[in-house]
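Asker:
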Amino acid sequence: MQDEQNPWPREARWLHAGIALGVTWQLFSSLWMTPDWQHADYGSLTQLLFSTHAWMGLSTALFLLWEWLWIFTSPALRAQLFPLRGPWRPIIDDFTGLFRGRLRAPGPAPSLAALVHGLGLVLVSWMALTGTAIYFFLPQGGTPPGAILHALIPLHKALYLLVWAYWIGHVGLTLVHALRRDGIWRIFRLLD
Ligand code: HEM
Ligand code: HEM
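Residue numbers for the sequence shown follow this note's numbering, beginning at 1114 and rising by one.
#1: Taking 7 Å as the cut-off, is the C-beta of tyrosine 1273 nearer than that to any heavy atom in ligand 1?
#2: State yes or no: is the C-beta of threonine 1256 nearer than 7 Å to some heavy atom of ligand 2?
#3: Specify, as a first and last residue, the run of the alpha helix (DSSP H) that arginine 1202 falls within.
#4: To the nearest whole angstrom, what separates the beta carbons of leucine 1251 and leucine 1262, a pair I think is in contact under 8 Å?
#5: Closer than 7 Å: is that where the CB of alanine 1264 sits relative to any heavy atom of ligand 1?
#6: I want to check one thing, is the minimum distance from the CB of tryptophan 1121 to the heavy atoms of ligand 1 below 7 Å?
#7: List the endpoints of the continuous alpha helix (DSSP H) containing phenylalanine 1249.
#8: Measure the C-alpha to C-alpha separation of aspartate 1116 and isoleucine 1300 and round it to an integer number of angstroms.
#9: Flag this pair as yes or no: are the beta carbons of valine 1289 and leucine 1140 separated by less than 8 Å?
#10: Name the two residues that bound the continuous alpha helix (DSSP H) containing tryptophan 1298.
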């Protein structure tokens, strides 16, 4: 439901909070975890960190499923994030505006930012899908990893640098907006 003060519907804010927290955790946990998927042993802190990677990853996958159900049932949101049939004018305007140092006010609307958000969602959904598949093929009770797990791991690792690039660009631009005090942090106000 859209309220008067906050430009993002409440559902968008909750979904974003879940996905942003989840993917951020996944990225930072992946820096220090020792997955040890060959043996499935959780005896050290870095191995426990992998356990959190698995559980946060599965939870994030559920948030993403909810987001996709919302996208499929909301034509306006779908056109905003995936403007296959336009409108292209706002995107071109944002692009040329950027070169002149102009930033569009934040909020859900067709824009260059919305197009990038759509691509970001596809990217993190790939991570969640491959990660969830990995979960079900992790070795149990000392069995060696099978051929399917060996095939899934490279698929999960293939695009991780793009996820970092998205995260750095997305958080960086949020900070640029925040310097302009244009109300961008309101996407994190969950109880408005
Ligand atoms: C990699 C993890 C993240 C993903 C996949 C992600 C994804 C998204 C998506 C899909 C939107 C559009 C939401 C909508 O219009 O309904 C969005 C907007 C936004 N996100 Fe994130 N987000 C992530 C992390 C973060 C983090 C860590 C921050 C905080 C610094 C953040 C701040 C924002 C802000 C301020 C907006 C609104 C931008 C605008 O209106 O143009 N996000 N994000
Ligand atoms: C939104 C969900 C997820 C994201 C964004 C994510 C992200 C990442 C990233 C960035 C890496 C590091 C890749 C590298 O350094 O090469 C990684 C590694 C890994 N992830 Fe995930 N992950 C997710 C879900 C999961 C789930 C549910 C599992 C299930 C157990 C999982 C299992 C693994 C494993 C086993 C590795 C290590 C592969 C290796 O180094 O051999 N991930 N993940």
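The beta carbon of each residue, even a glycine, is placed where N, CA and C say it ideally should be.
A quick note: this is a predicted structure, and the numbers were derived from the prediction, not measured.
Answerer: In short, the structure shows the following:
#1: no
#2: no
#3: 1202-1212
#4: 7 Å
#5: no
#6: yes
#7: 1225-1249
#8: Bear in mind that the predicted position of aspartate 1116 carries a pLDDT of just 46, short of 50, making it unreliable; the figure below should be weighed with that in mind. Taking the straight line joining both Cα atoms gives about 13 Å.
#9: no
#10: Counting along the chain, tryptophan 1298 falls outside any alpha helix (DSSP H), and DSSP gives it neither H nor E.
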